[in-house]
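Peer 1: Protein sequences, first through last, are from chains F and V. Those letters in the first sequence? Residues 92 to 301, by the working numbering. Those letters in the second sequence? Residues 92 to 301, by the working numbering. Sharing a structure, written as structure tokens. Questions coming.
Number of protein chains: 2
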Amino acid sequence: MSTHSRIQAAELQAKKAPRQVRAKATFDAIIEAGAQVLAAEGYAAVTTNRVAEVAGVSIGSLYEYFPNKQSIIASGLARVMREVTAEVSASLREAVALEGQPRAGIDYWMRAMAAALERRGDLLRVALREVPFLWDIPEMRDLSDTLQHIAQEGRRKSQRVVHFDDPEASTYLLMTMVWSAILQTVLYRPAHLSRERLTQTLVEMLLKLL
Amino acid sequence: MSTHSRIQAAELQAKKAPRQVRAKATFDAIIEAGAQVLAAEGYAAVTTNRVAEVAGVSIGSLYEYFPNKQSIIASGLARVMREVTAEVSASLREAVALEGQPRAGIDYWMRAMAAALERRGDLLRVALREVPFLWDIPEMRDLSDTLQHIAQEGRRKSQRVVHFDDPEASTYLLMTMVWSAILQTVLYRPAHLSRERLTQTLVEMLLKLL
DNA sequence: CATTAACCTGAACAAAAGCTCGGAAACACT
DNA sequence: AGTGTTTCCGAGCTTTTGTTCAGGTTAATG
Numbered sequence: 092m093s094t095h096s097r098i099q100a101a102e103l104q105a106k107k108a109p110r111q112v113r114a115k116a117t118f119d120a121i122i123e124a125g126a127q128v129l130a131a132e133g134y135a136a137v138t139t140n141r142v143a144e145v146a147g148v149s150i151g152s153l154y155e156y157f158p159n160k161q162s163i164i165a166s167g168l169a170r171v172m173r174e175v176t177a178e179v180s181a182s183l184r185e186a187v188a189l190e191g192q193p194r195a196g197i198d199y200w201m202r203a204m205a206a207a208l209e210r211r212g213d214l215l216r217v218a219l220r221e222v223p224f225l226w227d228i229p230e231m232r233d234l235s236d237t238l239q240h241i242a243q244e245g246r247r248k249s250q251r252v253v254h255f256d257d258p259e260a261s262t263y264l265l266m267t268m269v270w271s272a273i274l275q276t277v278l279y280r281p282a283h284l285s286r287e288r289l290t291q292t293l294v295e296m297l298l299k300l301l
Numbered sequence: 092m093s094t095h096s097r098i099q100a101a102e103l104q105a106k107k108a109p110r111q112v113r114a115k116a117t118f119d120a121i122i123e124a125g126a127q128v129l130a131a132e133g134y135a136a137v138t139t140n141r142v143a144e145v146a147g148v149s150i151g152s153l154y155e156y157f158p159n160k161q162s163i164i165a166s167g168l169a170r171v172m173r174e175v176t177a178e179v180s181a182s183l184r185e186a187v188a189l190e191g192q193p194r195a196g197i198d199y200w201m202r203a204m205a206a207a208l209e210r211r212g213d214l215l216r217v218a219l220r221e222v223p224f225l226w227d228i229p230e231m232r233d234l235s236d237t238l239q240h241i242a243q244e245g246r247r248k249s250q251r252v253v254h255f256d257d258p259e260a261s262t263y264l265l266m267t268m269v270w271s272a273i274l275q276t277v278l279y280r281p282a283h284l285s286r287e288r289l290t291q292t293l294v295e296m297l298l299k300l301l
């Protein structure tokens, strides 16, 4: 078993909230700078002094609000993931609501996912591959939980959606697989598979299965 | 676009091969120690001095064979990935050969994949999540290329395997999705999905699609 | 206006980590 | 045994980086 110590939740959060508007601006600038350096230059390039410099703030101010380096990155990723979760789950709900036209629903959902991921592509690429404490950020886990929840709910409402021996497991799996495929394709752009071919084929497959 | 510099191939390789048997032992001990520390304590814990210590070798010896820290990790991962690729692609070939019994073939292949991954679970988990230059290691890319190659070849030989509008893309996708699902399940053990349920459901899905 | 609280600054400290290098020991070969 | 080559050693140099702190500035408060 891997034993390297999990990071405590407190160490991944800001240590105090800004009270004045000026302070709110520096706070945001720090988070923004952290995300930007991470996305553009990778995890190793994210040093506290560099983040402060990019944010246009002194190193002291940085430690006024964040207890350590990790909390800056974690705050930025948490913020982004809240946005992604909101966008993706909203589109999944809409897709589920389009019961009558499964093709349109699936298509719509996949485009929404791809768009949400692509907009944060540089950041998510680095985050998924390099940030050691990524999965200690609660918002990171929330996305898949939320999607699962919506999917299972949708399955229960309209019985005819999945007929497998194990409906729960197969819904879970379908969800996971489609998500993985989109993630892979959008973030890592395999040579032989354009976005168009991906979505077309995925839709076809899902229609055969549902 | 993310601009952080790609690592040169030379920086990820051993700088000279051991000539004597004694030297071969230290060389291997270093690689082994690197992999062990990485698997057990994470990327941040892999320091050159620590690797030397765990290997029971002096720091000087380490730099006799490896130009830098990354090359130690890269060598270890390359070695492991050669093994995994060999095991997984052998089992895929056998599965493809079982044309007559698709259920047995799929089942066999998935068990082989799961076993190959699980045996290196601790190492691969950390590698996939934390090693920044992971995909600059050629052996890392070889696996999916090899699997794709075998799968596409299998499809061409027995025409009746996949009937989709875009056979190549759908084979690619199926491959990717099954691989992702197994990887996820074996390495990150989702709470609600046991290995048994996964394989059962996956087999069922594949049979419906092929 | 006076006082307190919030905010900001940046030089400097301490720890850590990658890597070098001069020299000794083990080995191969004649 | 003698000679050159390979291997090994580890103290220490250099650089980097996370973080602190004492003091100054700005904003709120009464």
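Positions of the beta carbon are idealized from the N, C-alpha and C atoms, including for glycine.
Interface residues of chain F around GLN275 of chain V at Cβ under 8 Å?
Peer 2: Within 8 Å Cβ-Cβ: THR267 and SER271.
Peer 1: For the alpha helix (DSSP H) that TYR156 of chain F lies in, which residues bound it at each end?
Peer 2: Start and end: 150 to 156.
Peer 1: Once DSSP output is grouped into helix, strand and coil, what is the label at PHE118 of chain F?
Peer 2: PHE118 of chain F falls in the helix class under three-state DSSP.
Peer 1: Taking 8 Å as the cut-off, does the region 278 to 293 of chain F touch the region 252 to 265 of chain V (at least 3 CB pairs, one atom from each stretch)?
Peer 2: The region 252 to 265 of chain V vs the region 278 to 293 of chain F: in contact.
Peer 1: Rounded to whole angstroms, what is the Cα-Cα separation between ARG170 of chain F and VAL112 of chain V?
Peer 2: If I take the Cα positions, the gap works out to 54 Å.
Peer 1: Among F:VAL217, F:PHE118 and F:GLN243, which one has its Cα closest to the Cα of HIS95 of chain V?
Peer 2: Selected option, being the one with the closest Cα: F:VAL217.
Peer 1: Quick check on the DSSP output: what are the complete alpha helix (DSSP H) runs of length 4 or more inside the region 246 to 279 of chain F, in order along the chain?
Peer 2: Counting only runs of 4 or more, we get 258 to 279.
Peer 1: Buried or exposed for GLN275 of chain V, going by 16 or more other Cβ atoms inside 10 Å?
Peer 2: With 16 or more Cβ atoms within 10 Å of its Cβ, GLN275 of chain V is classed as buried.
Peer 1: Using a Cβ cut-off of 9 Å, pull out every chain F residue sitting near LYS299 of chain V, in sequence order please.
Peer 2: Here the neighbours are PHE255, LYS299 and LEU300.
Peer 1: Looking at the secondary structure, which residues open and close the alpha helix (DSSP H) in which PRO193 of chain F lies?
Peer 2: Note, PRO193 of chain F: alpha helix (DSSP H), 193 to 210.
Peer 1: Would you say ILE121 of chain V and ALA100 of chain V are within 9 Å of each other, going by their C-beta atoms?
Peer 2: Result no, Cβ atoms of ILE121 of chain V and ALA100 of chain V do not sit closer than 9 Å.
Peer 1: Whole-angstrom Cβ separation of SER162 of chain F and LEU103 of chain F, contact assumed at under 8 Å?
Peer 2: Right, the Cβ-Cβ distance comes to about 5 Å (below 8 Å), so this counts as a contact.
Peer 1: Hey, does THR237 of chain F have any beta-carbon neighbour from chain V nearer than 9 Å?
Peer 2: By this cut-off, THR237 of chain F is not an interface position.
Peer 1: With DSSP as the reference, label ALA282 of chain V as helix, strand or coil.
Peer 2: In this structure, ALA282 of chain V counts as coil in the three-state DSSP scheme.
Peer 1: Report the residues of the region 127 to 160 of chain F with a CB closer than 9 Å to any CB of chain V, ordered along the chain.
Peer 2: Listed by position along the chain: ALA130, ALA131, GLU132, GLY133, TYR134, ALA135 and ALA136.
Peer 1: Closer than 8 Å by C-beta to SER149 of chain F: which residues in its own chain qualify, once you throw out the five before and the five after it? Chain order, please.
Peer 2: ALA143, listed in sequence order.
Peer 1: Between the region 233 to 244 of chain V and the region 175 to 187 of chain V, are three or more C-beta pairs nearer than 8 Å?
Peer 2: Result yes; three or more Cβ-Cβ pairs closer than 8 Å.
Peer 1: Can you list, in chain order, the residues of its chain whose CB lies under 7 Å from that of ILE241 of chain F, leaving out five sequence neighbours each side?
Peer 2: Cβ within range, chain order: SER180, LEU183, ARG184 and VAL187.
Peer 1: Under 9 Å between the Cβ atoms of SER271 of chain V and ALA136 of chain F?
Peer 2: No, these two residues do not count as a Cβ contact at 9 Å.
Peer 1: Are the Cβ atoms of VAL269 of chain V and MET201 of chain V separated by less than 9 Å?
Peer 2: Going by C-beta atoms, VAL269 of chain V is nearer than 9 Å to MET201 of chain V.
Peer 1: How would you label GLY191 of chain F, buried or exposed, when you count the other beta carbons within 10 angstroms and need 16 or more for buried?
Peer 2: The residue in question, GLY191 of chain F, is exposed, as its Cβ has fewer than 16 Cβ neighbours within 10 Å.
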